[in-house]
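Worksheet: the structure to be examined is printed underneath.
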Amino acid sequence: MPAAPGTSKFQIELRRHLRGQNISDNLVHLICEIAEASKYVINAVRTGDLGVAGTSNLYGEEQLALDVLSDRIMRKRLIHSGVVCNIASEEMDEIYQAQASADGLYSVAYDPLDGSSLVDVNLAVGTIVSIYEGCDLLQPGRNQVAAMYILYGPRVSLVYTVGDGVHEFTMNNLMEFTLTRENIRMQEEGNIYAPGGLRNKYNDGDEKFIRHLEAKGCKLRYSGGFVPDINQVLMKGKGIFMYPALKGSPNGKLRVLFELNPMAFIIEHAGGAASNGTIPILDIVPESLDQRAPIYIGCKSDVKAATDFLLDQEGVPAAAASFVNG
1 MPAAPGTSKF
11 QIELRRHLRG
21 QNISDNLVHL
31 ICEIAEASKY
41 VINAVRTGDL
51 GVAGTSNLYG
61 EEQLALDVLS
71 DRIMRKRLIH
81 SGVVCNIASE
91 EMDEIYQAQA
101 SADGLYSVAY
111 DPLDGSSLVD
121 VNLAVGTIVS
131 IYEGCDLLQP
141 GRNQVAAMYI
151 LYGPRVSLVY
161 TVGDGVHEFT
171 MNNLMEFTLT
181 RENIRMQEEG
191 NIYAPGGLRN
201 KYNDGDEKFI
211 RHLEAKGCKL
221 RYSGGFVPDI
231 NQVLMKGKGI
241 FMYPALKGSP
251 NGKLRVLFEL
261 NPMAFIIEHA
271 GGAASNGTIP
281 ILDIVPESLD
291 QRAPIYIGCK
301 SDVKAATDFL
311 LDQEGVPAAA
321 ASFVNG
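Mapping the sequence shown onto our numbering, position 74 (from 1) lands on 74, and the numbers just tick up by one.
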């Protein structure tokens, strides 16, 4: 006898799944609002103007029209959700206050369209979101109550955690997100690596680590997009993504608030690890919206190996890294 409608895991829609996560109604509503906003973002990606918007963000990076439009879509949805007090976007130079009260409300930091420069060559891009209770956004990532990303690829997928497992949903033909994979787990060690940044600007420890990965037969898998590369490591359950400190860029490229914290929260709750080479990403206390940090993120054993090579480079005895939990 076929299963009743709504009982197969492939028929569990996002809101229903969230209601089983022992979280507040406001947080359920917020995550669902972000999922709704993503439907408009993917429509813009598929049909929108790929030209330059004529503006630049506060980091001096050229903004594409899709960046501006995606940010506007996401921000408007968050403001009108009624459950958000403060909003920080990678495309804004300051925090936007949606409501003055913090009681029962949340603050959201997001990258509306990470990798947007890849759209015109038809590569995957994504939205990254970090959620905190109350109005304080400049706090360690470990204090997040939820993190999620939406990947706009051949399929549109949404991955989220509220601290109790990592779960993937896929958008169906009716533009509904239904459960695809529940409680995704990382393996202890992987066989793929995605190295960001110019290799000729790596320091000695990072260069030795890459040679170590090559020597043990790891496969290079790098698209240039943070969301698809993290998604590959997570869904395969094995591997490491890294964007290290570079000569001339000691803090790397990626931003703690908008990119590193949410991805580290997701990967850690899938059994992986994320470090800046010294401490866990989630223990960094951000001092500004644009703060950046190097990152090594993926399987615990691989992340530990990366930090051990950095420790050896600095003349410090390699020891068990504190970021490896359990």
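Glycine residues also receive a C-beta, built at the ideal position from the N, C-alpha and C atoms.
Chain D within 7 angstroms of residue i, Cβ atoms only
{"i": "L137", "result": "The structure shown contains no chain D; it is built from a single protein chain."}
Enclosing alpha helix (DSSP H) for residue i [first to last residue]
{"i": "H212", "result": "204 to 215"}
{"i": "I42", "result": "25 to 47"}
{"i": "V233", "result": "226 to 236"}
{"i": "N22", "result": "Element bounds for N22: n/a, residue is neither H nor E."}
{"i": "E268", "result": "261 to 269"}
Closest residue to residue i among the options (Cα-Cα distance)
{"i": "F241", "options": "E33, A274, P280", "result": "A274"}
{"i": "S117", "options": "V285, G224, Q232, G277", "result": "G224"}
{"i": "A44", "options": "D120, S288, F169", "result": "D120"}
{"i": "T161", "options": "N172, L138, M148, D204", "result": "M148"}
{"i": "P262", "options": "L246, Y202, L137", "result": "L137"}
{"i": "I267", "options": "K216, K236, M186", "result": "M186"}
{"i": "G126", "options": "R46, R77, N173, M92", "result": "R46"}
{"i": "I295", "options": "S301, S288, T307", "result": "T307"}
Status (buried if at least 16 other CB within 10 Å, exposed otherwise) for residue i
{"i": "P154", "result": "exposed"}
{"i": "D82", "result": "Just to set this straight, residue 82 is Gly in the shown sequence, not Asp. It is exposed - the Cβ of G82 has fewer than 16 other Cβ atoms within 10 Å."}
{"i": "A98", "result": "buried"}
{"i": "N325", "result": "Residue confidence for N325 is low, a pLDDT of 40 falling below 50, so the modelled location carries little weight; the figure read from the coordinates is stated next. So N325 counts as exposed."}
{"i": "P250", "result": "exposed"}
{"i": "D204", "result": "exposed"}
{"i": "V256", "result": "buried"}
Boundaries of the beta strand (DSSP E) in which residue i is found, first to last residue
{"i": "I240", "result": "240 to 243"}
Residue i - DSSP class collapsed to helix/strand/coil
{"i": "H167", "result": "strand"}
{"i": "F309", "result": "helix"}
{"i": "I150", "result": "strand"}
{"i": "R16", "result": "helix"}
{"i": "Q97", "result": "strand"}
{"i": "R221", "result": "coil"}
{"i": "N122", "result": "coil"}
{"i": "V68", "result": "helix"}
(message) With three or more beta-carbon pairs closer than 8 angstroms as the criterion, would you say the region 197 to 216 touches the region 133 to 150?
(response) Flag = no, the region 197 to 216 and the region 133 to 150 do not touch.
(message) Three Cβ pairs or more, each shorter than 8 angstroms: is that satisfied between the region 156 to 176 and the region 192 to 206?
(response) Three or more beta-carbon pairs separated by less than 8 angstroms are not found between the region 156 to 176 and the region 192 to 206, which leaves the two stretches without contact.
(message) Between the region 13 to 31 and the region 76 to 95, can you find at least three pairs of beta-carbon atoms closer than 8 angstroms?
(response) Short answer: they touch.
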